[in-house]
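Numbering (this note's numbering), first residue to last: 1 to 95. First the structure, in the form of structure tokens, and then the observations on it.
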Amino acid sequence: MSVDAATVRRIAHLARIAVSEGEVPHLQGELNAMLAFVEQLSEVNVEGVEPMTSVTPMQMKKRRDVVNDGEIADDIVANAPATEGHFFLVPKVVE
């Protein structure tokens, strides 16, 4: 796949990047080099290779999934102009 000058201008327009006519050939070469690298990656045989999240085997740290209030409700509403219990009071809005 190859990118022509018109495609470079269109990409620059879509990305809202100001590109002068002198920069178009350089950007065209850069984009073509990136696409060539992606084509090389598609040739790699990854059959039987498991996806991984890290280069070293490790277990994710897990915590129990429990619902709580964080035990800081008083700190959260401390700076609110109006509260009732652990809730913020706001003006009623009706349209």
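Note that CB positions come from ideal geometry on N, CA and C, so glycine has one too. Note that the coordinates shown come from a computational prediction; the quantities given were computed from them, not determined experimentally.
request  = Give the range of the alpha helix (DSSP H) segment to which glutamine 28 is assigned.
outcome  = Residues 24–42.
key: Cross-strand partners of glutamate 84 (DSSP beta bridge)   = When DSSP reads this structure, glutamate 84 sits in a beta bridge with Phe87.
key: Three-state secondary structure (DSSP) of alanine 15   = Coil, per DSSP.
inquiry  = In whole angstroms, give me the CA-to-CA distance for glutamate 50 and methionine 58.
reply    = Roughly 15 Å between the two C-alpha positions.
task = Indicate the three-state DSSP secondary structure (helix, strand or coil) for isoleucine 76 in the structure shown.
result = When secondary structure is reduced to three states using DSSP, isoleucine 76 falls in the helix class.
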